[in-house]
Amino acid sequence: MADNTTNFLQDTFKELLEKQLVEAKTQEEADEILKRFNELDLT
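With the numbering used here applied, the sequence shown covers 223 to 265.
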């Protein structure tokens with residue numbers, strides 16, 4: 223059960239991140255999104 227929940231959350235997170243990157247209007251905006259993503263502690 224926990225594995226399914228983890229997979230669901232990971233997939234949802236990836237989809238949201240991808241959507242934000244696709245919708246970024248500039249490279250700088252995309253870079254800022256990736257910077258914030260890299261700062262997250264996902265452990």
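Virtual Cβ for every residue (Gly too), placed ideally from N, Cα, C.
Self-check item: Start and end residues, alpha helix (DSSP H) containing alanine 224
Solution: Stepping through the sequence shown from its first residue, residue 224 is reached at position 2. Element bounds for alanine 224: 224-245.
Practice problem: Would you mind stating whether leucine 243 and leucine 256 have Cβ atoms separated by less than 9 Å? | Solution: The sequence position of residue 243 within the sequence shown is 21, counting from 1. The sequence position of residue 256 within the sequence shown is 34, counting from 1. A contact, by the Cβ cut-off of 9 Å.
Quiz item: Secondary structure at aspartate 263, three-state DSSP: helix, strand or coil?
Solution: Looking up residue 263 in the sequence shown gives position 41. Three-state result, aspartate 263: coil.
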